[in-house]
Amino acid sequence: MRARCSSLAHLPHRRRYTMKTAPEFAACTARLTEEIREESIRAMQLEAATG
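Number 375 marks the last residue of the sequence shown (this note's numbering); no jumps.
Have a look at this one:
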């Protein structure tokens, strides 16, 4: 498997659990989740087309 994208997350080091509620973390999570969703759809379409 290879990386399909690279994203820089400008999140502070010494990350604490409370960082999960930070807007920057939510935006990063949403962006990555959308990229995974799009890739999954493409994979399913390819599989359906090739049988």
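Quick reminder that beta carbons are idealized off the backbone N, C-alpha and C, glycines included.
Which of helix, strand or coil DSSP assigns to residue i
i	result
R338	coil
L370	helix
L332	coil
A346	coil
Rounded distance between the beta-carbons of residue j and residue i, thought under 8 Å
i	j	result
L356	S331	7 Å
C352	A373	With a Cβ gap of about 32 Å, C352 and A373 do not count as contacting.
Beta carbon proximity, residue i to chain B, threshold 9 Å
i	result
H337	Absent from the structure: chain B. Only one protein chain is present.
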